[in-house]
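If you read the sequences in order, they're chains A and B.
Position one of the first sequence corresponds to residue 8 (our numbering), numbered consecutively onward.
Position one of the second sequence corresponds to residue 8 (our numbering), numbered consecutively onward.
Here's the structure we're looking at; comments come further down.
Number of protein chains: 2
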Amino acid sequence: MDSAAQKHAASLTAIFDHISAVGARAGEGVTRLAASAEDGAARAIFADWMARGGARLAHDAVGNQFACFDWAGENAAWIFAGSHLDTQPRGGRFDGTLGVLAAGCAALDLHTEVQADRFRPRHNLAVVNWTNEEGARYQPSLTGSGVFSGALPLREALSLTDGAGITLSDALAAIGIDGETGGVPPRPKAYVELHVEQGRILTVAGRRIGVVEGTWAARKMMVRWIGRAAHTGPTPMADRRDALLAAAQGVAAFEALIAARHPHLHRSAARLVIEPNSPNVVVERATVWFELRGLDVAELDRAGQPVLAAFEKAAAETGTRLEIIADTLREPAGMDIGLMAITGEAARACGFEPLPLRSVAGHDAVALQNSGVPSALIFVPSVDGIAHHPEELTHPEDVEAGLAVLTTVLRRLAEGDFDAER
Amino acid sequence: MDSAAQKHAASLTAIFDHISAVGARAGEGVTRLAASAEDGAARAIFADWMARGGARLAHDAVGNQFACFDWAGENAAWIFAGSHLDTQPRGGRFDGTLGVLAAGCAALDLHTEVQADRFRPRHNLAVVNWTNEEGARYQPSLTGSGVFSGALPLREALSLTDGAGITLSDALAAIGIDGETGGVPPRPKAYVELHVEQGRILTVAGRRIGVVEGTWAARKMMVRWIGRAAHTGPTPMADRRDALLAAAQGVAAFEALIAARHPHLHRSAARLVIEPNSPNVVVERATVWFELRGLDVAELDRAGQPVLAAFEKAAAETGTRLEIIADTLREPAGMDIGLMAITGEAARACGFEPLPLRSVAGHDAVALQNSGVPSALIFVPSVDGIAHHPEELTHPEDVEAGLAVLTTVLRRLAEGDFDAER
């Protein structure tokens, strides 16, 4: 690594450590839920860092932050690079944050060259922090990139409510985001995102750089059983309509059915809300968030049939009523072929043999790509594949590799050396 | 009913409506969790009402409220009557509140006679509001009566924490209760509690007054499965240790096992806390509150064996670790025989044929009785047996019947006409 690259890696480490302290607690990782006070603090650090580096800051009505480098003038096209600063509860430091800050470092690096007149881009560049990628506080996930790309209406996004009944609109207002600032860049010509793999494929293959070809499909179901509150003591068993019992049977049956018939599908029930939640009151309403992920949409459809029948059976056996609140499919995405080629070349130029692979998880780059913005997703290794956990880790040399490749890709794209091929 | 009784019933209705508005929301019943702001407001209304009627107010360190009528001087014995003003989340109006306010009405009635020198009691009387009977916000339930009776150490009670991590001590301080006021009466000679049945036995038998002989036993288990947080997408299924899946299997197996082998036992899992609770993170910790109720302690013990084995099996199958945080038995209580006789006679004197019955639920009177304070528990009917639900209802004529019997019992006890026989 040359000394400039070392300088940028050191700069990335400094800002990464600074932002990672926001929402961190010893042994519990980082909790920086979207539009929380912690998210607001991280956004302010990011904005200040970018502004001091020469960027013009803007945000749109859903809170997506843009650090803009207007290198090529008003009429020039835009390149975006970024990810998200929100985290899961007790999440890791790298997920999302690495992508935003590495893009920021790359942009500052290129901006220094622009100012020294060593680099004359034909396009403008914006570093983007997308709102509520995680979907931990507000569902659906990918909220900010979904609104920007047109998949999710703004009004619908702003009226999402968290578990405490607070709308995204109110939460954003509480951290000072109340409508668009103006000066938000238009749809870009290309979007590039660096992210941690959250799996073991790179490590097993002995590679540092992954070039994502596409993603798995995901079917997400939000299912509610509605019973009736009653005293857990005297109420005769025959009179009970226990929504938690129904949900428990539903969760157990979901796993048993998919494990038996479609063991290669990834599946989970990871969020459950019950009302009331008192040891002495039979649960009246139980809502469960199920996920089913795989490559083949038709298989997700087939796999869901017996699951829905099992949910109905649980309702019938417990005297509860089943409501399927949502049952949505995220189609598998294919990332942009031209950008994959450019990313692969950049990796090789930096000395890393790239590995093409698929992402099981959704990312902002997938939302952009699916809306017609040619997008690239670059992976660096996650130790032991640990993700959404305080022990999430990417080694410094892998971070440096990712930063070098990202900087190389952004330089080429800002030079205008790219035409989308889909 | 004579005009004095009608006047007292009208007075009870007025104060009952006043207090029932605290924490009430249309269609959602009453939410007045222990030591909440709403509980504080209800306590203040109760204290003001009693003080205006001539009572001396005191409270102990766990927040039990005593409205004292020092009729017979410092050296006289005490009779207590009361129940609790806290409710379940979205609970009913009658559970607990009826018992406190009916005791208050009865005490004011008797106090009027004392002042007119028509009634010369040999004992003092206190109307008591016990803290956190419900166990909705803090577990275990019967907290205040448990501390008073010596079953629960004060320090342990004050350090209980709610779901938000707030200690009972801090919650009490927030509503102005910070240590004992002084002047709290000593252990009473007898305790009497009027309560709604929360079942259908009285209605089915066509009776207005139930005299509780004793209670069922209850086994309460707090069980935790500990797995590991991970991304619900890319994490290979074989790597997952899903605590919610384990809990779901545990809840489903608990019901299936008991329903098959001990169908007459009442059982429930009604509280569940999962961490984190995000759709995209495999659940790391799932804690479930189980209850098993029946008459026979030996049967509760036998019934628990295969259940614990099923919990272990769920842990083994999901790669999680099982912790039995608590597994406590509440012995079946037998209420005081002498007080049962006095209560039965009082019912007949008021024109109601009493029905002896058993209570499935625990009540403050059970905590007192189990600690050696002779106690009586009087039931009035609950429409359709609905309890811990906004539609909980006891008809006005049943409330009046309960008040008349309670007043008659307290008059006899205050006269000194009682020696405990156990």
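Idealized CB from N, CA, C, for every residue including glycine.
Quick caveat, the model's predicted, so the values are computed rather than measured.
Could I get the ranges of all uninterrupted alpha helix (DSSP H) runs contained in the stretch 34-69 of chain A, with 4 residues as the minimum, in chain order? 44-59
Out of Trp223(B), Leu279(B), Ala408(B), Met244(B), which one is the CA nearest neighbour of Glu338(B)? Check the Cα spacing between Glu338(B) and each of Trp223(B), Leu279(B), Ala408(B), Met244(B): the tightest is with Trp223(B).
Minimum Cβ-Cβ distance from Gly206(A) to chain B less than 9 Å: yes
So the alpha helix (DSSP H) Gly121(B) belongs to, where does it begin and stop? Here residue 121(B) is Val; the residue named in the question, Gly, does not match the sequence. Counting along the chain, the alpha helix (DSSP H) containing Val121(B) begins and ends at 104-122.
Please tell me whether Asn287(B) has its Cβ less than 9 Å away from any Cβ of chain A. yes
Is the Cβ-Cβ distance between Glu298(A) and Thr335(B) less than 9 Å? no
Under 9 Å between C-beta atoms, does Asn284(A) make it to chain B? By this cut-off, Asn284(A) is an interface position.
For a contact meaning CB atoms closer than 9 Å, what does Ser148(A) contact in chain B? By Cβ distance, chain B contributes Pro286, Asn287.
Strictly below 7 Å CB to CB, what residues from chain A border Gly142(B)? Residues of chain A passing the Cβ test: Pro286, Asn287.
Output needed in chain order: residues of the stretch 379-395 of chain B with a Cβ under 8 Å from some Cβ in chain A. Gly392, Ile393, Ala394, His395
Is any beta-carbon of chain B found at less than 9 Å from that of Gly369(A)? With 9 Å as the cut-off, Gly369(A) counts as an interface residue toward chain B.
Below-9 Å beta-carbon distance, Leu307(A) vs any chain B residue: False, the Cβ-Cβ gap to chain B never drops below 9 Å.
For His402(B), does the count of other Cβ atoms within 10 angstroms reach 16, so buried, or fall short, so exposed? exposed
Which residues bound the beta strand (DSSP E) around Asp77(A)? That residue, Asp77(A), is in no beta strand (DSSP E); it is neither H nor E in DSSP.
Around the C-beta of Ser389(B), are 16 or more other C-beta atoms found within 10 angstroms, so that it is buried, or is it exposed? buried
Looking at the unbroken alpha helix (DSSP H) that takes in Ile265(A), where does it start and where does it end? Start and end: 250-268.
Skipping 5 residues on each side, what residues in its chain have a beta carbon closer than 8 Å to that of Glu404(A)? Arg215
Burial state of Ile86(A), where buried means 16 or more other Cβ atoms lie within 10 Å: buried
For Leu161(B), I'd like the list of residues in its chain whose CB is within less than 8 Å of its CB, leaving aside the five on either flank, ordered along the chain. Ala68, Val69, Val154
What residues from the stretch 86-98 of chain B come within 9 Å of chain A, judged by C-beta to C-beta, listed N to C? Gln95, Pro96, Arg97, Gly98
With a threshold of 7 Å on Cβ separation, who are the neighbours of Gly157(B) within its own chain once the five nearest residues in sequence on each side are excluded? Ser378
Where DSSP assigns a beta bridge to Glu282(B), which residues make up the other side? In the DSSP output, where bridge partners are listed per residue, Glu282(B) has Arg292(B).
Using a Cβ-Cβ distance under 9 Å, would Val373(A) count as near chain B? no
Is Asp405(B) close to chain A, meaning its C-beta is less than 9 Å from at least one C-beta of that chain? no
Of all Cβ atoms in chain A, is any one closer than 9 Å to the Cβ of Ile281(B)? yes
Quick one: grab the DSSP three-state call for Ala25(A). First, the amino acid is wrong: residue 25(A) is His here, not Ala. Helix.
I'd like the list of long-range same chain contacts for Met8(A), defined as Cβ closer than 7 Å, with 5 residues on each side in sequence excluded. Residue placement at Met8(A) is flagged as unreliable, the pLDDT there being 48, under the threshold of 50; a coordinate-derived value is accordingly withheld.
Beta strand (DSSP E) containing Asn136(B): first to last residue? 131-136
9 Å Cβ cutoff met for Ile331(A) and Val230(A): yes
As assigned by DSSP and simplified to three states, the class of Phe87(A): strand
Compare the C-beta of Gln256(A) with all C-beta atoms of chain B and state if any pair is closer than 9 Å. yes
Do you know offhand how far Ile265(A)'s Cα is from Arg207(A)'s? 23 Å
Straight-line CA distance for Leu108(A) to Lys227(A)? 30 Å
So, is Ala41(A) buried or exposed, given that buried needs 16 or more other C-beta atoms within 10 angstroms? buried
Rounded separation between Val289(A) and Ile393(B) - CA only: 12 Å
Between the stretch 238-255 of chain A and chain B, which residues of the former have a C-beta closer than 9 Å to a C-beta of the latter? His238, Thr239, Gly240, Pro241, Thr242, Pro243, Met244, Asp246, Arg247, Asp249, Leu251, Leu252, Ala254, Ala255
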